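Participant: This is the structure I want to talk about, given as structure tokens.
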């Protein structure tokens, strides 16, 4: 079995980077004041009391911590069952776990998740999110991509003997 050390290090690095940036945001960015970086990108510190676009905020802190812990446990279960040759999926799972744990730390310590990245146009804006959310999204995309590669490998045309 291939070593899990690189993936564990990726999880730790994702958590550390996420928490470090959130601390910088907390200490240096005014609450709910937009700081434009580009015409479509701004920093905007706000707090998310739910999960993914503030869903389930009525579950309370304890309920959301339990849900997040269950999700992390399920993703770890899937990661352990992933064959060693599926490096892309394993990296994806590590990013998902790192991002989920980064947000879980916020929720456990502050009672909310610190969000600060805002994509927008003059007439539309995307939900405010953070680096941990980006890790989760990129990780999920890598897992799906690895699955698509696996399906492609398995569905090679067979000789029909004609």
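Residue numbers (our numbering): 88 to 249.
For glycine and all other residues, C-beta sits at the position ideal for the given N, C-alpha and C.
Small disclaimer: the values here were computed from a predicted structure and weren't measured.
Can you tell me the Cα-Cα spacing of residue 170 and residue 237, whole angstroms?
Facilitator: Near 11 Å, if we compare the C-alpha coordinates of residue 237 and residue 170.
Participant: Less than 7 Å between C-beta atoms, sequence neighbours within five positions excluded: which residues of the same chain meet that for residue 184?
Facilitator: Here the set comprises 98, 159, 162 and 163.
Participant: Residue 195 by DSSP, collapsed to three states: which one?
Facilitator: Helix, per DSSP.
Participant: Here's a check: name, in chain order, each residue in its chain whose Cβ is nearer than 6 Å to the Cβ of residue 102, leaving out the five neighbours to either side.
Facilitator: So the qualifying residues of the chain are 185, 188 and 189.
Participant: Can you grab the Cα-Cα spacing for the pair residue 172 / residue 166, in whole Å?
Facilitator: Going by the C-alpha atoms only, they are around 12 Å apart.
Participant: Just tell me which of 213, 221, 95 and 230 has its CA closest to the CA of residue 127.
Facilitator: Of 213, 221, 95 and 230, the residue nearest in Cα terms is 213.
Participant: Can you list, in chain order, the residues of its chain whose CB lies under 8 Å from that of residue 229, leaving out five sequence neighbours each side?
Facilitator: Hits under 8 Å: 175, 176, 178, 179 and 182.
Participant: How many Å lie between residue 196 and residue 149 at the Cα?
Facilitator: Taking the straight line from one Cα to the other gives about 11 Å.
Participant: Compute the Euclidean distance between the alpha carbons of residue 138 and residue 155, then round it to the nearest angstrom.
Facilitator: Distance between the alpha carbons of residue 138 and residue 155: 9 Å.
Participant: Which residues bound the alpha helix (DSSP H) around residue 111?
Facilitator: Residues 92-115.
Participant: Please identify the residue among 208, 226 and 232 whose C-alpha is closest to the C-alpha of residue 125.
Facilitator: Of the listed residues, the one whose Cα sits closest to residue 125 is 208.
Participant: DSSP puts residue 129 in a beta bridge; with which residues?
Facilitator: DSSP lists 123 and 205 as partners of residue 129.
Participant: Just to check my reading of the structure: residue 205 and residue 129 have Cβ atoms closer than 8 Å, yes? What is that Cβ distance to the nearest angstrom?
Facilitator: With a Cβ gap of about 5 Å, residue 205 and residue 129 count as contacting.
Participant: Leaving aside the five residues before and after residue 90 along the sequence, list all residues of the same chain whose C-beta is less than 7 Å from its C-beta, in chain order.
Facilitator: Within the same chain, residue 90 has no close Cβ partners at all.
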